[in-house]
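These notes concern the structure reproduced below.
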Amino acid sequence: MRFYEYEAKEVLKKYSIPLPKSLFVKDSDSAFNAAQNLSTDVVIKSQVLSGGRMKAGGIDFANSPEEVKEKSRIILELEINGLLPVGILIEEKKKITQEYFAAVTYDGRAKKPVIIFSDMGGIDIEEVANSHPEHLSRTHFSAARPFSPFTAKNAVAAVGVTGRELNQLSAIVTNLCNLFLERDLTLAEINPIGKLEDGSIIALDCHLDMESEARNTHSALLAEIGVPEEDNRQSRPPTQFEIDAANVDAADTRGVAGNLTEFDGNLGLIIGAGGGSLTLFDAVRAAGGKPANYCEIGGNPSVAKAANLTKLICSQPKVDKVAVMMNVVSNTRVDIVARGVIKGCIEAGFDPAEKIAIFRIPGSWEEEGFALLERYGVDYVDRSVSMHEAAQRAVEKMKGI
Amino acid sequence: MPAMFISIAIEDSVHKDQELCNRLVSMCPVDIFEISEKSQLITVEENLDECTLCNLCIEASSDEQIKIEKLYRSDSN
Ligand code: SF4
């Protein structure tokens, strides 16, 4: 669950992270009053859950309340990546002499949180990582033990920051890590952190993402910063494909089949098991494939549920083939999923042998499942073929290799 | 759509044993059996493909009173 910048800044404030003064408003008259209140040059920032605000014209500067009013009116009506802002943030404009980057997230490979710090803030951090790796540090820490400020200091010092800046930035990073751990965040990023002419350091823009499942745990905080309970924070409204898939899942309580996110590609995906869905999705993309959807399946769904999901995916005009791939399964049965996907294909009017690019689900009842797949001529592989190899095969089939 | 993968045959003798019929209806985990208006044990067509092959119905009956056929297997293993 992503926070708007104005909400995220309220949260940062609670963790004593220094910020410029700002006021969140919803119309241009209030923007005028806010600018009068701040009585300085200001930045007007569109509050929209999308990146690329600056490029899209969602951030502008103004020197007088009149100018703020005029520019606010334009920004409030400006759609960014299909989204209209919920309001604007009127913020003091600060003179910056140096920019830094600090983020805390989980490193899936290391299975630990990681601090990413750079003394080249304000620009795309991937670019810094590629062209100036010496300006970026990655410091892992434990999510199980209390956070040590020494770890933050190491992360900042690793890119050569010293003296007063080191102390100030270490304090910010320490607070950011505590916020990350205490509030079940998946990402806590401040970019840029700005050093002002007087040497003080403040957070200029930030991005916080909270585990959706943690909303109940932090309901008091969310209420305090004004996040309504019913606000699901999707970055865009669900597509009809996604709604239909959710309905398939909701109609039958057995297992999971329908947690779907739509993409632009042509390869339908039915994937899952023990984190396998993310791995497989990435594997398809790494092999040059273009997924039409992300969709988890697991928990032993009924044949009817797997069939309805498959039918839905196969029926999308953009879907040329589907790949059915999972990690090794134990409670989900291979034969039940095989029955479901074959039935779904046929019900959608397709030959499973043609429509299913690959079936790779090893595990319980696989012998029965493989017999079924053989009977219908579906290309299947067992656990001797890795998830990455299976994804590669599916992509090659799409390309007619 | 008719069942594609599973077919279940019920021998006539089953219908005479109401207790067995009731037991089969209640024990099948995927509701494949039901009692018809004529008090006969019948299968629910749309649930047939959900058969988990748990064999509970076979164990509860005797002498091949219930036969399950996997339509996708030529050897019907
Ligand atoms: S084998 Fe199990 S699931 Fe299948 S019909 Fe018999 S009791 Fe029902």
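As they're listed, the protein sequences go chains A and B.
For what it's worth, numbering that gives the first Met the number 0 labels the leading residue of the first sequence as 0, then goes sequentially.
For what it's worth, numbering that gives the first Met the number 0 labels the leading residue of the second sequence as 0, then goes sequentially.
We put the CB at the ideal spot given by N, CA and C, even for glycine.
6 Å Cβ shell around A/Phe116 - same chain, five flanking residues per side excluded: For the purposes of this step, residue 116 of chain A is taken as residue 117 along the first sequence, with counting starting at 1. So the qualifying residues of the chain are Ala101, Ser136, Ala154 and Val155.
With distances taken from CA atoms, which of A/Ser38, A/Asp40, A/Gly56 and A/Thr39 is nearest A/Gln46? As a position in the first sequence, residue 46 of chain A is number 47, starting the count at 1. Closest by alpha carbon: A/Gly56.
Beta-ladder partner(s) of A/Gly287, from DSSP: As a position in the first sequence, residue 287 of chain A is number 288, starting the count at 1. Paired residues: none, contrary to the question.
Inter-residue Cα distance where the pair is A/Ala245 and A/Glu4: Indexing the first sequence from 1 puts residue 245 of chain A at position 246. Indexing the first sequence from 1 puts residue 4 of chain A at position 5. Near 29 Å, if we compare the C-alpha coordinates of A/Glu4 and A/Ala245.
Give a single yes or no on whether A/Pro361 has its beta carbon closer than 7 Å to a heavy atom of ligand 1. Start at 1 with the first residue of the first sequence, and residue 361 of chain A comes out as number 362. No, the Cβ of A/Pro361 stays beyond 7 Å of every heavy atom of ligand 1.
Select from the stretch 31 to 50 of chain B all residues with a C-beta closer than 7 Å to any C-beta belonging to chain A, and list them in chain order. Asp48 and Glu49
I'd like to know if the stretch 275 to 287 of chain A and the stretch 299 to 313 of chain A are in contact, where contact means that at least 3 CB-CB pairs between them fall below 8 Å. no
Under a Cβ-count criterion, where at least 16 other Cβ atoms within 10 Å of its own Cβ denotes burial, should B/Cys53 be classed as buried or exposed? Sequence index remark: in the second sequence, residue 53 of chain B carries index 54 (1-based). So B/Cys53 counts as exposed.
Cα separation between A/Lys320 and A/Glu212? As a first step, residue 320 of chain A is located in the first sequence; it is residue number 321 there, counting from the start. As a first step, residue 212 of chain A is located in the first sequence; it is residue number 213 there, counting from the start. A/Lys320 and A/Glu212: Cα-Cα distance of roughly 33 Å.
Is it buried or exposed for B/Asp62, if we count other Cβ within 10 angstroms and need 16 for buried? Position 63 of the second sequence, counting from 1, holds the residue named residue 62 of chain B. Classification for B/Asp62: exposed.
Length of the line joining the Cα atoms of A/Ala33 and A/Phe240: The sequence position of residue 33 of chain A within the first sequence is 34, counting from 1. The sequence position of residue 240 of chain A within the first sequence is 241, counting from 1. Looking at the two C-alpha atoms, the distance is approximately 42 Å.
Quick check on DSSP: helix, strand or coil for A/Gly50? Here residue 50 of chain A refers to the residue found at position 51 of the first sequence. Coil.
Measure from the alpha carbon of A/Thr309 to the alpha carbon of each residue in A/Ala393, A/Asn326, A/Ala170 and A/Phe349, then state which is nearest. To locate residue 309 of chain A, count along the first sequence from 1; it is residue 310. Of A/Ala393, A/Asn326, A/Ala170 and A/Phe349, the residue nearest in Cα terms is A/Phe349.
Determine the direct distance from the alpha carbon of B/Met3 to that of B/Asp48, and round the result to whole angstroms. Numbered from 1 along the second sequence, position 49 holds the residue referred to as residue 48 of chain B. Numbered from 1 along the second sequence, position 4 holds the residue referred to as residue 3 of chain B. Spanning the two alpha carbons is a distance of roughly 7 Å.
Are A/Thr138 and A/Ala109 closer than 8 Å when you measure CB to CB? The residue given as residue 138 of chain A occupies position 139 in the first sequence. The residue given as residue 109 of chain A occupies position 110 in the first sequence. Cβ atoms of A/Thr138 and A/Ala109: not closer than 8 Å.
Going by CA-CA distance only, name the one from A/Ala128, A/Gly121, A/Ile114 and A/Glu133 that's closest to A/Phe149. Within the first sequence, the letter at position 150 stands for residue 149 of chain A. Minimum Cα distance to A/Phe149 is reached at A/Ile114.
Rounded to whole angstroms, how far is the Cβ of A/Val283 from the Cβ of A/Val394, which I believe are closer than 8 Å? Along the first sequence, one-based indexing puts residue 283 of chain A at 284. Along the first sequence, one-based indexing puts residue 394 of chain A at 395. Right, the Cβ-Cβ distance comes to about 6 Å (below 8 Å), so this counts as a contact.
With DSSP as the reference, label A/Ala213 as helix, strand or coil. Your numbering for residue 213 of chain A matches position 214 in the first sequence. Helix at A/Ala213.
Compute the minimum distance between the beta carbon of B/Leu19 and the heavy atoms of ligand 1, and state whether it is under 7 Å. Within the second sequence, residue 19 of chain B is the residue found at index 20, counting from 1. No, since every heavy atom of ligand 1 falls outside the 7 Å radius drawn around the Cβ of B/Leu19.
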